[in-house]
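Residue numbers (the UniProt record's numbering): 1 to 271.
Below is one structure, written out as structure tokens; the observations come after it.
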């Protein structure tokens, strides 16, 4: 047992003993100024067993001059997948893969943006025209010549459509089937507008004193004069003599607009 411990202590001592190379006189002079840093590694492990140890030196990465690793990655903007954009790669002769860039897909669909831009331009143009129209109608009266007195007198010769005062029939139906507004009037004649709701109807009536002249500006109407029915479109006109019953029906799902002219002068029908 004692012999085994003695051999083990001798093995450990020899494992950590530095052995210097024998040198000549010239080497001894140089060793005074230069320390000898070389050492010989033993092939013994800490436990005393003999094992071959090899130091592995890492090889430098190819493609770098000083042994440092260089990144070959490239940065690209986010791909627009909805336009079928994709990355294009190419395999070089050395086996490396190179990214050539982004292949453009289909052109961008800007139809919705263009539609919004056109809508915005239409709104701005409409507002501009409204402002100009209000400026032109700011003066409520205009000087016109009175032929009897041969003088310029102020008179209301224009009126904005937005300034009309609309009236409704005395009916409990809501919404009302129609409404009307008067623009100009005198003792013998008056002008105005008649607006019918979608599928609205102006019930049968007659005027004992006035003849009524109508012009369709918007919509499709069915008109009954006496006992005969007529179908009128935009631009058509009709007249109802005094004392003759008539009714008007809107045949579309949109509002209809008519102009009215009531006058008391005698109306003669051609034979």
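From the three backbone atoms N, C-alpha and C, an ideal C-beta is built for every residue, glycine too.
Per the DSSP secondary-structure output, residue 93 pairs with nothing in a beta bridge. According to the DSSP assignment, residue 84 belongs to no beta strand (DSSP E), since it is labelled neither H nor E. Beta-carbon to beta-carbon, residue 247 and residue 202 are separated by about 6 angstroms, close enough to satisfy the 8 angstroms threshold. Short of 7 angstroms from the beta carbon of residue 92, and not among the five residues preceding or following it, lie these beta carbons of its own chain, in chain order: 98. Checking the DSSP bridge columns, you'll see residue 154 partnered with 143.
Short of 6 angstroms from the beta carbon of residue 258, and not among the five residues preceding or following it, lie these beta carbons of its own chain, in chain order: 194, 214, 216. Bridge pairing for residue 224: 229, 247 [DSSP]. Bridge pairing for residue 240: 212 [DSSP]. In this structure, DSSP gives residue 109 a state outside helix and strand, which the three-state scheme calls coil. Annotated three-state conformation of residue 259 is strand, per DSSP. Around the beta carbon of residue 210, a 10 Å sphere encloses 16 or more other beta carbons of the protein chains shown; the residue is thus reported as buried.
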